[in-house]
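Report on one structure; see the data block that follows.
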Amino acid sequence: MENYMILTFGTFISCMINIIILFQFIEERNEPKFNDRFIYKLMKTASLLMVVAVNGLGQPVLNIVIWIILFSFINNYLYQNNNKKFIYRIFEVPVLILILSVCETVGVEMLDYILLKFQIHNIQPIMIKSMEITFSKLVVLIFYYLVITRLWREDFTVKYTITQCLIQIIIILFSMANLAVIIVVIPKITSKTEHILILINIGCILFADLYFLYLARFVEENNQLKVKLRLLEQQSLLQYEFYDEQKEKYNESIKILHDVDKHLNMIEVMYQASEHKTALTYAKEIGKMLIPLSLEDYTNNPILNVILNDKKRIAIYHKIKFNLEIGIVDLSFMEPIEVTTIFGNLLDNAIDACDMVSGDRFIKMKLDKYHDFTVINITNSTVPIEKWHHGKPVSKKGKNHGIGLLNVENVIKKYNGSMVLEEENRIFSCKIIFN
Numbered sequence: 030m031e032n033y034m035i036l037t038f039g040t041f042i043s044c045m046i047n048i049i050i051l052f053q054f055i056e057e058r059n060e061p062k063f064n065d066r067f068i069y070k071l072m073k074t075a076s077l078l079m080v081v082a083v084n085g086l087g088q089p090v091l092n093i094v095i096w097i098i099l100f101s102f103i104n105n106y107l108y109q110n111n112n113k114k115f116i117y118r119i120f121e122v123p124v125l126i127l128i129l130s131v132c133e134t135v136g137v138e139m140l141d142y143i144l145l146k147f148q149i150h151n152i153q154p155i156m157i158k159s160m161e162i163t164f165s166k167l168v169v170l171i172f173y174y175l176v177i178t179r180l181w182r183e184d185f186t187v188k189y190t191i192t193q194c195l196i197q198i199i200i201i202l203f204s205m206a207n208l209a210v211i212i213v214v215i216p217k218i219t220s221k222t223e224h225i226l227i228l229i230n231i232g233c234i235l236f237a238d239l240y241f242l243y244l245a246r247f248v249e250e251n252n253q254l255k256v257k258l259r260l261l262e263q264q265s266l267l268q269y270e271f272y273d274e275q276k277e278k279y280n281e282s283i284k285i286l287h288d289v290d291k292h293l294n295m296i297e298v299m300y301q302a303s304e305h306k307t308a309l310t311y312a313k314e315i316g317k318m319l320i321p322l323s324l325e326d327y328t329n330n331p332i333l334n335v336i337l338n339d340k341k342r343i344a345i346y347h348k349i350k351f352n353l354e355i356g357i358v359d360l361s362f363m364e365p366i367e368v369t370t371i372f373g374n375l376l377d378n379a380i381d382a383c384d385m386v387s388g389d390r391f392i393k394m395k396l397d398k399y400h401d402f403t404v405i406n407i408t409n410s411t412v413p414i415e416k417w418h419h420g421k422p423v424s425k426k427g428k429n430h431g432i433g434l435l436n437v438e439n440v441i442k443k444y445n446g447s448m449v450l451e452e453e454n455r456i457f458s459c460k461i462i463f464n
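If you're matching positions, the sequence shown starts at 30 in our numbering and goes up one per residue.
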């Protein structure tokens, strides 16, 4: 009875570690389909109880099959990722489970080799089984956090520092040293109390490894978020400077246009005085002064008008077709700087994408109102986008590229809007809806 309880405890720890890893893997790559967190907590608890029960049957093949079926169901029906091919989502979890199974086998073989190499005998079978579980889980943790999380990830812009790697290596070496001591001491232990204490020590080692390996990764990701926050602040400052510049241009144009009547009256006076040459020269000077201010009137929003004219000028310079279809839309619910953030960033991204295309290059923007919704739809030619992360394309330009899109998202969230990014047949589209 006591041995059965010890074995059940070891199986419980083994299954819990695997479940924690699998849910981490799924949640890092996908988004929950449902808002109710209780559903996911219930599923995690039910999954643990189910796999512990199946493990207790002692059927390795059945065990792996149940794991694959269960977590494939969880991955595909409780989580979603619209930017990942369905066939890829079907196979990613089974492949990970098979990799973890191989790691467990390697751990068991390592222990058997160590016991044989150092001629360590006289160990109770239940203790050998507990040690096998420990070694197999240790190999799983090492391989997952040091290899899989680095090579098999969605966002390659996240960099791992030397400090993080050193911390993880120290944690692993400390655990291996503890296990080495336990292996040496186990043959000399005879009392049940000492056996139980050893098992508790083994369990603590595994949970400590799991906690500190995850913590090291979490700390590094937190540092990456701090860097991203600083970049967001810098980008916001640049965006504000751009807005301030456009506002100044607009105010300057208002000042000049305000004096147009005076200039026309002056020209009329010159003609009446028969000073034709002077009037002609004066008119040409006024014309030169007004050329930079000749803006097409697309909307009733002055800042957006300046932005659209500015981006159209840049697009034409880059030999990009620039087409606008704008209805009667009221953007007064947004601050001027927010209008600049959304349209400035999205059109800049569209121009950058077109610059990478060798053939037909175009940008088409639609802005209109449908019932109670304000809809922005920007499409542009692009090269095929190979990688996506949480619904956004992963740029090849480096880890700092794409910060502007985060600022756009923040503005959209502020007004309870939604944004969908898609790419199909070398055409990138951005759809934004405000209610």
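Don't be surprised by glycine CBs; every beta carbon is placed ideally from N, CA and C.
Being a predicted model, the structure only gives us computed values, none of them experimental.
What is the residue span of the beta strand (DSSP E) that aspartate 397 lies within?
Its beta strand (DSSP E) spans residues 391 to 399.
For asparagine 409, which three-state DSSP category applies?
Secondary structure at asparagine 409: strand, using DSSP grouped into helix, strand and coil.
Looking at isoleucine 371 and valine 440, is the spacing between their C-beta atoms short of 8 Å?
The beta carbons of valine 440 and isoleucine 371 sit closer together than 8 Å.
Would aspartate 397 and valine 404 be called neighbours here (beta carbons separated by less than 8 Å)?
Annotated as proximal: aspartate 397 and valine 404, with beta-carbon spacing under 8 Å.
Which residues DSSP lists as bridging phenylalanine 402, in chain order:
Answer is Tyr399.
Quick one, are the C-beta atoms of phenylalanine 391 and isoleucine 345 less than 8 Å apart?
Cβ atoms of phenylalanine 391 and isoleucine 345: not closer than 8 Å.
Three or more C-beta pairs under 8 Å: does that hold for the stretch 41 to 48 against the stretch 59 to 68?
Touching, no, given that fewer than three Cβ pairs across the two stretches are closer than 8 Å.
Quick check on DSSP: helix, strand or coil for isoleucine 462?
If DSSP states are grouped into helix, strand and coil, isoleucine 462 belongs with the strands.
By DSSP, does glutamate 121 sit in helix, in strand, or in coil?
If DSSP states are grouped into helix, strand and coil, glutamate 121 belongs with the helices.
Under the three-state DSSP convention, the category phenylalanine 351 falls into
In this structure, phenylalanine 351 counts as strand in the three-state DSSP scheme.
Straight-line Cα distance separating phenylalanine 247 from valine 168:
Approximately 20 Å between the Cα atoms of the pair.
Straight-line gap, isoleucine 212 to isoleucine 231 (C-alpha atoms, nearest Å)
The straight-line gap separating the alpha-carbon atoms of isoleucine 212 and isoleucine 231 is approximately 11 Å.
Taking isoleucine 336 and threonine 369 to be in contact with their CB atoms under 8 Å, please state how far apart those CB atoms are, rounded to whole angstroms.
With a Cβ gap of about 6 Å, isoleucine 336 and threonine 369 count as contacting.
Within a Cβ cutoff of 6 Å, which residues of the same chain sit near lysine 460, ignoring the five residues on either side of it in sequence?
Taking lysine 460 as the centre and dropping the five residues before and after it, the same chain places the C-beta of Asn406, Val449 closer than 6 Å to its C-beta, in chain order.
Cα-Cα separation between arginine 182 and aspartate 326, rounded to whole angstroms
Computed Cα separation, rounded: 47 Å.
Contact check, asparagine 464 vs phenylalanine 402, beta carbons under 8 Å
The criterion of a C-beta distance shorter than 8 Å is satisfied by asparagine 464 and phenylalanine 402.
Measuring alpha carbon to alpha carbon, tell me which residue in Glu415, Trp417, Val423, Phe362 is nearest glutamate 443.
Looking at the sequence provided, one finds lysine at residue 443 rather than glutamate. The candidate whose alpha carbon is nearest that of lysine 443 is Phe362.
Does the stretch 83 to 93 come within contact of the stretch 158 to 167, defined as at least 3 CB pairs closer than 8 Å?
Result no; under three Cβ-Cβ pairs closer than 8 Å.
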